[in-house]
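Structure first, then comments.
Numbering (the working numbering), first residue to last: 576 to 914.
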């Protein structure tokens, strides 16, 4: 393995529904340097062995500094909730979180990994008693363990397991000059994750079950073509057939509607706090017209993290094409090893 003084300590690995992505960075915030990047596709409804093969291909020929990795999860079996309690001790807070979590989360906490973070203590407007804002996260063990197994089979050591939207928010907040309230939209193959952060408050996270595969299926149905042909048509703009354009527009309206409801809910929950900027990433974020539609909805300001690419080592155009797909893996690579 190579040695570098400014290595981040972790390699980011995004094990998604249609591909496995790996990113390794060195340097520091606002001066990240790309060390490794790789994307390997997996078939729909891939088995664990297919993911294992994809992981082997991702690692093939890679001279990694470390085998320590960061991964993340999202979807129906992952829940992120903000909760408020009176000031409590650790044991009392653990009990309160399990009780409240069982009331508001749509799956059993038994058989789940649980974690929490106290965001801040505030004074109640109605009394002098202190209150605690807490970010509570629950993830079904089978969801986390399946990804850990893929890493361990490949000889990698999982050190950090995050939640997609929270990981992307952490990476976004490394940037300077951001507005007071900003968010990230990660449009993947099977779903879209949205995360919103406002300084000193609990982040808002929601997963929307609309993604790139919905565009592909809609085009395939509209044109009566295979999913492979529909995937090609999805990213073609000048040559796109009218039926294809209408199919894309229909899915975009659905996605924008869900995003709009999420932003409205956040604004209502946050006492009128408006989202000032959004960062859009994910493999389906390149669908023509999608960024314009979201921009019209929310005044989108695209914010990107600065990662330097050594053109002597990497094909700049290839990296540019991979950037939207590998955004989550890059955000994971920006995290530090906890030990």
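All residues carry an ideal CB built from backbone N, CA and C; glycine is no exception.
Label residue i either buried or exposed according to how many other C-beta atoms from any shown protein chain fall within 10 Å of its C-beta, with 16 as the threshold for buried.
i, result
"residue 635", "exposed"
"residue 773", "buried"
"residue 837", "buried"
"residue 775", "exposed"
"residue 679", "exposed"
"residue 644", "buried"
"residue 808", "buried"
"residue 737", "buried"
"residue 611", "buried"
"residue 910", "buried"
"residue 913", "exposed"
"residue 690", "exposed"
"residue 840", "exposed"
"residue 791", "buried"
"residue 819", "buried"
"residue 802", "exposed"
"residue 789", "buried"
"residue 810", "exposed"
"residue 799", "exposed"
"residue 835", "exposed"
"residue 681", "exposed"
"residue 887", "exposed"
"residue 587", "buried"
"residue 917", "Absent from the model: residue 917. The displayed extent of the chain is 576 to 914, so no value can be given."
"residue 890", "exposed"
"residue 782", "buried"
"residue 606", "exposed"
"residue 619", "exposed"
"residue 623", "exposed"
"residue 904", "buried"
"residue 795", "buried"
"residue 616", "exposed"
"residue 705", "exposed"
"residue 856", "buried"
"residue 768", "buried"
"residue 813", "With a pLDDT of 43 at residue 813, under the threshold of 50, the modelled position of that residue is not reliable, and the figure given next carries that caveat. Exposed is the call here."
"residue 746", "buried"
"residue 797", "buried"
Based on the DSSP secondary-structure assignment, which residues constitute the bridge partners of residue i?
i, result
"residue 599", "611"
"residue 689", "713"
"residue 661", "706"
"residue 756", "773"
"residue 733", "644"
"residue 761", "768 and 856"
"residue 589", "596"
"residue 738", "648"
"residue 888", "In DSSP, residue 888 forms no bridge with anything."
"residue 695", "708"
"residue 656", "711"
"residue 606", "603"
Check whether the Cβ of residue i lies closer than 7 angstroms to any heavy atom of the ligand GTP, and answer yes or no.
i, result
"residue 609", "The ligand GTP is absent from the structure shown, which contains no ligand whatsoever."
Pop quiz: residue i and residue j are said to be a contact at Cβ under 8 angstroms. What is the actual Cβ separation, rounded to whole angstroms?
i, j, result
"residue 779", "residue 771", "4 angstroms"
"residue 787", "residue 858", "6 angstroms"
"residue 715", "residue 686", "6 angstroms"
"residue 647", "residue 739", "5 angstroms"
"residue 822", "residue 868", "That pair is no contact at about 14 angstroms."
"residue 710", "residue 777", "5 angstroms"
"residue 742", "residue 639", "Incorrect: roughly 20 angstroms between the Cβ atoms, too far for contact."
"residue 654", "residue 713", "5 angstroms"
inquiry  = Could you check whether the stretch 725-745 touches the stretch 826-836, counting it as contact only if at least three pairs of C-beta atoms, one from each stretch, sit closer than 8 angstroms?
reply    = no
ask   = So does the stretch 756-769 actually touch the stretch 584-599, counting three or more Cβ pairs closer than 8 angstroms?
value = yes
- At least 3 beta-carbon pairs within less than 8 angstroms: the stretch 889-907 vs the stretch 622-633: no
| message | At 3 residues or longer, what runs of the beta strand (DSSP E) sit wholly inside the stretch 769-855? | response | 779-783
Practice problem: Enumerate, from N- to C-terminal direction, the unbroken alpha helix (DSSP H) stretches of 4 or more residues contained entirely within the stretch 614-651. | Solution: 623-634
Would you call the stretch 643-661 in contact with the stretch 599-609, where contact means no fewer than 3 C-beta pairs closer than 8 angstroms? no
Quiz item: For the 8 angstroms Cβ check, are there 3 or more pairs between the stretch 748-755 and the stretch 704-722?
Solution: no
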